[in-house]
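Novice:
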Amino acid sequence: MSEVFAIIGGSGFDMSTCGDYVEENSVETPYGACSAPLQIYRHQKQSVIFLPRHGNPHRIPPHRINYRANIWALQKIGCSKIIAINTVGGIGADASVGALVIPEQIIDYTYGREHTFSDCADVPLLHVDFTSPFSAPLRHALITAAAAIGIPTIDQGVYGATQGPRLESAAEINRLQRDGCDIVGMTAMPEAALARELNIEYASLCLVVNLAAGRGEAITVAQMQKVSARGMGAIAKIIAEVLASNTTPVN
Ligand code: HPA
155 MSEVFAIIGG
165 SGFDMSTCGD
175 YVEENSVETP
185 YGACSAPLQI
195 YRHQKQSVIF
205 LPRHGNPHRI
215 PPHRINYRAN
225 IWALQKIGCS
235 KIIAINTVGG
245 IGADASVGAL
255 VIPEQIIDYT
265 YGREHTFSDC
275 ADVPLLHVDF
285 TSPFSAPLRH
295 ALITAAAAIG
305 IPTIDQGVYG
315 ATQGPRLESA
325 AEINRLQRDG
335 CDIVGMTAMP
345 EAALARELNI
355 EYASLCLVVN
365 LAAGRGEAIT
375 VAQMQKVSAR
385 GMGAIAKIIA
395 EVLASNTTPV
405 N
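Each residue of the sequence shown is one higher than the one before, counting from 155 in the numbering used here.
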């Protein structure tokens, strides 16, 4: 069976380093507009879809992203695998600034977001299995690709998804740590769960752009942006390697 990768990019990711731009595709969805038209790229012989999560230009805050439209549109266009790029704060000692983390678990602290396709009587009631929220094969592909090109990653961890757009208080981060979270971000939920509902494999490649609240110096957006700009090059290399080593038939 053929497969199509999509990359959902957060802040500051430049997809042109992973493929050649082909065209834009504005998919209509029953849930309204996506964050931006889907951008189709070509990596060697495969099409890769890129979606800038916060819009183009970057303007949509995490709690206002139309996650349902985004995931629905990606499925509609034939996407079967999503690599999500997420910038995060580091909670655990290992999650230092600049680290790349491929989490294996998630805890959802968000609220008030449209978080399911199964929300009215006209559609099947879905109780999807979310025991392992991230796709094991896709995580493995990311971990293997990074190792193959010598980029260190942290291959486990719990992602705490918070509501934003404000950052957390130190006590909130203490609570997340007691809950077992290693990193904190605002965008992996409900994205991961919606992908699961539509049977799309989903894995997240997280870049730690700051130490979480109370774990270091005061967090500044300028500092986060600086680390993000530095780290996106490594992320692009890992994604290019995943695509290059994808041996299943392509569209
Ligand atoms: N908290 C939540 N989301 C984030 C952070 C943070 O510290 N850094 C980047 N995204």
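Ideal placement from N, C-alpha and C gives every residue a C-beta, glycine not left out. Bear in mind the structure is a predicted one, so any value in this text is a computation, not a measurement.
(1) To the nearest angstrom, how far is it from the Cα of G370 to the Cα of I393?
(2) Going by beta carbon distance, what residues of the same chain come within less than 8 Å of I297, once the five residues before and after it are set aside?
(3) Specify whether the segment 178–191 and the segment 211–231 touch according to this definition: at least 3 beta carbon pairs, one from each stretch, less than 8 Å apart.
(4) Below 8 Å CB to CB, which residues in the same chain sit around G339 once its five sequence neighbours on both sides are set aside?
(5) Are the segment 200–210 and the segment 317–329 touching, with three or more C-beta to C-beta distances below 8 Å?
(6) Taking all protein chains shown into account, do 16 or more other C-beta atoms lie within 10 angstroms of the C-beta of V363, making it buried, or fewer, making it exposed?
(7) Measuring straight from C-alpha to C-alpha, what distance separates P143 and I219?
(8) Give a single yes or no on whether L254 has its beta carbon closer than 6 Å to a heavy atom of ligand 1.
(9) Determine the direct distance from the alpha carbon of D174 to that of S289, and round the result to whole angstroms.
(10) Quick one: which unbroken beta strand (DSSP E) runs of 3-plus residues sit fully inside the segment 227–264? Chain order, please.
(11) Relative to ligand 1, is the shortest distance from any of its heavy atoms to the C-beta of M343 smaller than 6 Å?
(12) Does R267 come out as helix, strand or coil in the three-state DSSP assignment?
(13) Should V251 and V375 be called a contact, given that it needs their Cβ atoms to be closer than 7 Å?
(14) Taking the beta carbon of P344 as the centre, do at least 16 other beta carbons fall within 10 Å, making it buried, or is it exposed?
(15) Identify every residue that forms a DSSP beta bridge with R196.
(16) Give me the DSSP bridge partner(s) of V282.
(17) According to DSSP, which residues form a beta bridge with C360?
(18) Between R267, H197, Q259 and M169, which lies nearest to V215 when the distance is taken from Cα to Cα?
(19) What residues are listed by DSSP as bridge partners for P206?
(20) In angstroms with no decimal places, state the Cα-to-Cα distance between D168 and R350.
(21) Indicate whether I337 and A249 have their beta-carbon atoms separated by less than 7 Å.
(22) Where the beta carbon is closer than 7 Å to any heavy atom of ligand 3, which residues qualify, in chain order?
(23) Please tell me whether I194 and N210 are closer than 7 Å, where the distance is taken between their beta carbons.
(24) For A300, report the span of its alpha helix (DSSP H) as first-last.
(25) Please report the Cβ distance between E157 and I236, rounded to the nearest whole angstrom; I am assuming they are in contact, meaning their Cβ atoms lie under 8 Å.
Specialist: This is what the structure gives:
(1) Numbered from 1 along the sequence shown, position 216 holds the residue referred to as residue 370. Numbered from 1 along the sequence shown, position 239 holds the residue referred to as residue 393. In a straight line, the C-alpha of G370 is about 30 Å away from that of I393.
(2) Counted from its first residue, the sequence shown places residue 297 at position 143. Hits under 8 Å: I256, T307 and D309.
(3) yes
(4) Position 185 of the sequence shown, counting from 1, holds the residue named residue 339. Only N240, T241, V242, G243, Y313, G314, A315, T316 and C360 meet the Cβ criterion.
(5) no
(6) In the sequence shown, residue 363 corresponds to position 209, counting from 1. The residue in question, V363, is buried, as its Cβ has 16 or more Cβ neighbours within 10 Å.
(7) The question about residue 143 has no answer here: the residues shown for the chain are numbered 155 through 405.
(8) Along the sequence shown, one-based indexing puts residue 254 at 100. Checking the Cβ of L254 against ligand 1 gives no.
(9) By 1-based counting over the sequence shown, the position of residue 289 is 135. By 1-based counting over the sequence shown, the position of residue 174 is 20. Going from the Cα of S289 to the Cα of D174 covers about 27 Å.
(10) 235–244 and 259–262
(11) In the sequence shown, residue 343 corresponds to position 189, counting from 1. Not so, every heavy atom of ligand 1 lies at least 6 Å from the Cβ.
(12) Counting from 1 along the sequence shown, the entry for residue 267 is found at position 113. Looking at R267 - three-state DSSP - the assignment turns out to be coil, as it is neither helix nor strand.
(13) On the sequence shown, residue 251 is found 97 positions in, with the first residue counted as 1. On the sequence shown, residue 375 is found 221 positions in, with the first residue counted as 1. Not in contact: V251 and V375 (Cβ atoms no closer than 7 Å).
(14) Indexing the sequence shown from 1 puts residue 344 at position 190. Buried is the call here.
(15) What you label residue 196 is simply residue 42 of the sequence shown in a count that begins at 1. According to DSSP, R196 bridges with D174 and S201.
(16) Residue 282 sits at position 128 when you count from the first residue of the sequence shown. Answer is none; V282 lacks a bridge partner.
(17) In the sequence shown, residue 360 corresponds to position 206, counting from 1. Answer by DSSP bridge pairing, in chain order: N240 and V255.
(18) The residue labelled residue 215 in the question sits at position 61 within the sequence shown. Reading the sequence as shown, one finds Pro at residue 215 and not Val. It is R267.
(19) Position 52 of the sequence shown, counted from the first residue, corresponds to residue 206. Per DSSP, G163.
(20) Counting from 1 along the sequence shown, the entry for residue 168 is found at position 14. Counting from 1 along the sequence shown, the entry for residue 350 is found at position 196. C-alpha separation (whole angstroms): 26 Å.
(21) Position 183 of the sequence shown, counted from the start, is the residue given in the question as residue 337. Position 95 of the sequence shown, counted from the start, is the residue given in the question as residue 249. Yes. Within cutoff.
(22) Within the structure as shown, ligand 3 is missing, the only ligands being ligand 1.
(23) If you number the sequence shown from 1, residue 194 lands on position 40. If you number the sequence shown from 1, residue 210 lands on position 56. The answer is no: Cβ separation not under 7 Å.
(24) Position 146 of the sequence shown holds residue 300. Per DSSP, A300 belongs to the alpha helix (DSSP H) from A290 to A302.
(25) For the purposes of this step, residue 157 is taken as residue 3 along the sequence shown, with counting starting at 1. For the purposes of this step, residue 236 is taken as residue 82 along the sequence shown, with counting starting at 1. Contact flag wrong, Cβ pair sits at about 11 Å.
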